[in-house]
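Q: The structure under discussion is supplied below as structure tokens; questions concerning it will follow.
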Amino acid sequence: PVSEMEKGGFALAEGKPPFAGPIASANWEHMQREVEHLRRTVQEFHKVSRKQAKRIEELSSQATSHHKAIQDKEQEVVSLREKCSKIEKHLSSVESAVQCQICMDLPERPFTLSPCGHVLCLLCLQEWFKTSLGPVDDDDEVDADDALTRDKTCPSCRTVVKHRPCPAFMVKEVVSTFAKGASSSQTPQVDVTDSIDDDPWAGIFPNSDDEECDIDDFSDDEDDFGIDFSWMATDRGTAPEFSTWTYGTDSDDGAYSEDDDNDQDDAAGSEGSISEEEYGQPITYVEPKWEPPTVHVEPTSYHLEANDSALSLLRRGCTWDMVQNFHIRYSHRQGIIVSLRSIDDLYISDDDFNSSDEEAGGECVHHIYLGWTISLDEEDVDGEVYMHSVLADIKDSPERWRLLPRYDGHGSMDVTRLVPAESREDYSTTDTENYLEHEERELDID
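Residues 358 to 803 (this note's numbering) make up the sequence shown, in order.
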């Protein structure tokens, strides 16, 4: 016989309530609904679990990508730190290089000594030149002009300094850049109120007027010019390497006299110049034309390339010291061009310079067009005497110069030297190298 328990189990297997009656039937239906609800809940949990697993994979991938980006950024930071360290070392080297070797500060008013080229600040140079004048005997009286008459030397290399130091504008710009980048506490503060004069070298170096007195000494020595040109014309074979060629004229260059036109033409080696005193009629001045070089210079002597502008200047009468001393260049179309900040004085201080030009972001620069050849005196090794004579001639003989404004907003002028119309020669070619090769062949033959 089947027991009641077994009957209930069979009923459950068949989906029927194991017990009969209304209460049992109600409980059975409730349990069925509860089971169905739990089944749906489990399914929802499975779906959410799959979504969460997918999201975890995405976040893990993003974390890996972010970790790699962080590593790249860290490497970039390390690289930038190394570059910054190198730049700081370079800046420190530049700052040390432009420091004044006397006070070891950045020079607010740097000046360059000639001919050694060392750069020091104005206050230190003034103090050095006034206190380092050499030994003085006890019996000698201290003269106020001792600083003017005694030899002055460079404090760095002890080279004798004969000319006024020139403002070092490039160093001044570098120092200004350092001053802008540094904090106010680190910016060197130099009291320059006591040293700001119309002439910072007054009482130390002769002024421009005193130096111009030597110009007549060069201009009066005409016989020396004649001898110099005569031996070059008669004995080319014995001429030194830096010798003057005899072809080409330069009637407008080389004269240091401020009073006589004939002295200027003869000093430059002109043979057919016409003077107003000789013919009793005014001279007509015109723009010069291209002329061949007058000086034989081997490029290997100065380690220059054949197309170097400095070589062209040397071949046209400039000296190496003049090329280094002035802002000078050569143009095949315009000739020898010298850039000066003033046509009144050869050297001017920062105080004479118009401050409005600095505020406007520029400066007044005059271009002096000297023609295609010049002639310097034998003792004028750096061209300073010649340039003094040029500025004096612009003042005293304005008919021999043409001044045109450049309209650059700073008052700059283009000053062109004019030559007598009768002395200007036309050459069959303007190819400098053709003249060079032709004359070099003649020198070899002779």
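A virtual CB, placed ideally from N, CA and C, is assigned to each residue, including glycine. Keep in mind the model is a prediction, meaning the values are calculated, not measured.
#1: Across which residues does DSSP place Trp-758 in a beta bridge pair?
#2: Going straight from the alpha carbon of Gly-629 to that of Leu-670, what length do you get?
#3: Tell me whether the beta-carbon of Leu-703 lies closer than 8 angstroms to the beta-carbon of Met-744.
#4: Please look up how many angstroms separate the CB atoms of Val-772 and His-723, rounded, as I've assumed it's under 8 angstroms.
#5: For Gln-483 versus Pro-557, is the C-beta spacing smaller than 8 angstroms?
#6: Considering only residues of the same chain and omitting the five flanking positions on each side of Ile-751, which have a CB-CB separation below 7 angstroms?
#7: Check each candidate in Leu-668, Phe-486 and Thr-651 and name the one with the smallest Cα separation from Thr-657.
#8: Measure the C-alpha to C-alpha separation of Val-476 and Leu-727 and round it to an integer number of angstroms.
#9: What does Leu-727 pair with, by DSSP beta-bridge criteria?
#10: Looking at the secondary structure, which residues open and close the beta strand (DSSP E) in which Gly-692 lies?
#11: Measure the C-alpha to C-alpha separation of Trp-485 and Cys-473 and round it to an integer number of angstroms.
#12: If you draw a straight line from the C-alpha of Phe-526 to the C-alpha of Asp-462, how long is it?
#13: Taking the C-alpha atoms as reference points, what is the distance between Pro-522 and Lys-430?
#14: Between the beta-carbon of Pro-512 and the beta-carbon of Phe-468, is there less than 8 angstroms?
#15: Output the distance between the C-alpha atoms of Arg-730 and Met-679, rounded to the nearest integer angstrom.
#16: Which residue marks the beginning of the beta strand (DSSP E) containing Ser-688, and which one marks its end?
#17: Taking the beta carbon of Lys-529 as the centre, do at least 16 other beta carbons fall within 10 Å, making it buried, or is it exposed?
#18: What does the alpha-carbon distance come out to for the pair Val-652 and His-660?
#19: Measuring only the C-alpha atoms, how far is Val-405 from Thr-421?
#20: Hey, out of Lys-487, Lys-537 and Lys-425, whose CA is closest to Gly-560's CA?
#21: Considering Leu-477, what are the terminal residues of the beta strand (DSSP E) in which it resides?
#22: If you draw a straight line from the alpha carbon of Glu-720 to that of Lys-537, how long is it in whole angstroms?
#23: Just to confirm, is the Cβ distance from Glu-445 to Phe-535 under 8 angstroms?
#24: Just to confirm, does Ile-561 get its C-beta within under 7 angstroms of one of the non-hydrogen atoms of the ligand FMN?
#25: Compute the beta-carbon to beta-carbon distance between Lys-518 and Ser-450, rounded to the nearest angstrom, for a pair I have assumed lies under 8 angstroms.
#26: Using the C-alpha atoms, what's the distance from Ile-380 back to Ser-417?
#27: Rounded to the nearest angstrom, what separates His-689 and Lys-646 at their Cα positions?
#28: Output needed for Leu-479: all residues of its chain with C-beta closer than 7 angstroms, excluding positions within five of it in sequence on either side, in chain order.
#29: Would you check if the distance between the CB atom of Glu-648 and the CB atom of Tyr-764 is smaller than 8 angstroms?
#30: Whose CA, out of Pro-777, Leu-697, Arg-781 and Gln-409, lies closest to the CA of Gly-768?
#31: Check Val-654 in the structure and name its three-state DSSP category.
#32: Pop quiz: Thr-676 and Asp-734 are said to be a contact at Cβ under 8 angstroms. What is the actual Cβ separation, rounded to whole angstroms?
#33: Can Glu-741 and Asn-682 be called in contact, C-beta distance under 8 angstroms?
#34: Per DSSP, Val-518 forms a beta bridge with which residues?
#35: Quick check on DSSP: helix, strand or coil for Phe-468?
#36: For the alpha helix (DSSP H) that contains Ile-380, what are its first and last residues?
A: A quick look at the data gives this:
#1: Within the sequence shown, numbered from 1, the residue matching residue 758 stands at position 401. Trp-758 pairs with Arg-774.
#2: Position 272 of the sequence shown, counted from the first residue, corresponds to residue 629. Position 313 of the sequence shown, counted from the first residue, corresponds to residue 670. Summary for Gly-629: the model assigns pLDDT 40, below 50, so the residue's position carries little reliability; its value from the coordinates is reported in the next sentence. So the alpha carbons of these two residues sit roughly 25 angstroms apart.
#3: Along the sequence shown, read from residue 1 onward, the residue named residue 703 stands at position 346. Along the sequence shown, read from residue 1 onward, the residue named residue 744 stands at position 387. The answer is yes: Cβ separation under 8 angstroms.
#4: Residue 772 sits at position 415 when you count from the first residue of the sequence shown. Residue 723 sits at position 366 when you count from the first residue of the sequence shown. That pair is a contact at about 6 angstroms.
#5: To locate residue 483, count along the sequence shown from 1; it is residue 126. To locate residue 557, count along the sequence shown from 1; it is residue 200. In this structure, Pro-557 lies closer than 8 angstroms to Gln-483 by Cβ.
#6: As a working mapping, residue 751 is identified with position 394 in the sequence shown. Excluding positions up to five away in sequence, the list reads Ile-700, Trp-758 and Val-772.
#7: Here the question's residue 657 lines up with position 300 in the sequence shown. Ranking the options by Cα distance to Thr-657, first place goes to Leu-668.
#8: Along the sequence shown, read from residue 1 onward, the residue named residue 476 stands at position 119. Along the sequence shown, read from residue 1 onward, the residue named residue 727 stands at position 370. Their backbone Cα atoms lie some 30 angstroms apart in a straight line.
#9: As a position in the sequence shown, residue 727 is number 370, starting the count at 1. Looking at the DSSP assignment, Leu-727 forms no beta bridge with any residue, so it has no partner.
#10: By 1-based counting over the sequence shown, the position of residue 692 is 335. It spans 692-697 - the beta strand (DSSP E) in which Gly-692 sits, taken as one unbroken run.
#11: Taking the first residue of the sequence shown as position 1, residue 485 is located at position 128. Taking the first residue of the sequence shown as position 1, residue 473 is located at position 116. Computed Cα separation, rounded: 16 angstroms.
#12: Residue 526 sits at position 169 when you count from the first residue of the sequence shown. Residue 462 sits at position 105 when you count from the first residue of the sequence shown. Straight-line Cα distance between these residues: approximately 17 angstroms.
#13: Here residue 522 corresponds to residue number 165 of the sequence shown, with the count starting at 1. Here residue 430 corresponds to residue number 73 of the sequence shown, with the count starting at 1. Cα to Cα, the separation comes out at about 52 angstroms.
#14: One-based indexing of the sequence shown puts residue 512 at position 155. One-based indexing of the sequence shown puts residue 468 at position 111. No; because the gap between Cβ atoms is not below 8 angstroms, this pair is not in contact.
#15: Against the sequence shown, residue 730 aligns to sequence position 373. Against the sequence shown, residue 679 aligns to sequence position 322. Note on identity: in this sequence residue 730 is Thr, with Arg being the wrong assignment. Near 14 angstroms, if we compare the C-alpha coordinates of Met-679 and Thr-730.
#16: Stepping through the sequence shown from its first residue, residue 688 is reached at position 331. Note, Ser-688: beta strand (DSSP E), 684-688.
#17: Here residue 529 corresponds to residue number 172 of the sequence shown, with the count starting at 1. Result: buried.
#18: The count along the sequence shown starts at 1 and reaches residue 652 at position 295. The count along the sequence shown starts at 1 and reaches residue 660 at position 303. The alpha-carbon atoms of Val-652 and His-660 are separated by roughly 17 angstroms.
#19: Reading the sequence shown from its first residue, position 48 is the one you call residue 405. Reading the sequence shown from its first residue, position 64 is the one you call residue 421. In a straight line, the C-alpha of Val-405 is about 24 angstroms away from that of Thr-421.
#20: Locating residue 560 in the sequence shown gives position 203, counting from the first residue. Considering only alpha carbons, the answer is Lys-487.
#21: On the sequence shown, residue 477 is found 120 positions in, with the first residue counted as 1. From DSSP, the beta strand (DSSP E) with Leu-477 extends over 476-478.
#22: In the sequence shown, the residue the question calls residue 720 occupies position 363. In the sequence shown, the residue the question calls residue 537 occupies position 180. Rounded to whole angstroms, Glu-720 to Lys-537 spans 20 angstroms at the Cα level.
#23: Here the question's residue 445 lines up with position 88 in the sequence shown. Here the question's residue 535 lines up with position 178 in the sequence shown. It is not a contact, given that the beta carbons lie outside the stated cut-off.
#24: For the ligand FMN, the structure offers nothing, since it holds no ligand at all.
#25: Against the sequence shown, residue 518 aligns to sequence position 161. Against the sequence shown, residue 450 aligns to sequence position 93. According to the sequence as given, residue 518 is Val; it is not Lys. Between Ser-450 and Val-518 the Cβ distance is about 27 angstroms, and since that is not below 8 angstroms, they are no contact.
#26: Numbered from its first residue, the sequence shown carries residue 417 at position 60. Numbered from its first residue, the sequence shown carries residue 380 at position 23. The alpha-carbon atoms of Ser-417 and Ile-380 are separated by roughly 55 angstroms.
#27: As a working mapping, residue 689 is identified with position 332 in the sequence shown. As a working mapping, residue 646 is identified with position 289 in the sequence shown. Approximately 11 angstroms, taken between the alpha carbons.
#28: As a first step, residue 479 is located in the sequence shown; it is residue number 122 there, counting from the start. Cβ within range, chain order: Arg-466, Phe-468, Ser-552 and Pro-557.
#29: Numbered from 1 along the sequence shown, position 291 holds the residue referred to as residue 648. Numbered from 1 along the sequence shown, position 407 holds the residue referred to as residue 764. No, the Cβ-Cβ distance between Glu-648 and Tyr-764 is not below 8 angstroms.
#30: Along the sequence shown, read from residue 1 onward, the residue named residue 768 stands at position 411. Cα-wise, what sits closest to Gly-768 is Leu-697.
#31: As a first step, residue 654 must be located in the sequence shown, where it is residue number 297. In the structure shown, Val-654 sits in coil (DSSP, three-state: anything other than H, G, I, E or B).
#32: On the sequence shown, residue 676 is found 319 positions in, with the first residue counted as 1. On the sequence shown, residue 734 is found 377 positions in, with the first residue counted as 1. With 8 angstroms as the limit, Thr-676 and Asp-734 do not qualify as a contact, their Cβ atoms being about 10 angstroms apart.
#33: Counting from one through the sequence shown, the residue named residue 741 turns up at place 384. Counting from one through the sequence shown, the residue named residue 682 turns up at place 325. It is a contact, given that the beta carbons lie within the stated cut-off.
#34: Taking the first residue of the sequence shown as 1, we reach residue 518 at position 161. In DSSP, Val-518 forms a bridge with Lys-509.
#35: As a first step, residue 468 must be located in the sequence shown, where it is residue number 111. Note: Phe-468 maps to strand in three-state DSSP.
#36: To locate residue 380, count along the sequence shown from 1; it is residue 23. Its alpha helix (DSSP H) spans residues 379-455.
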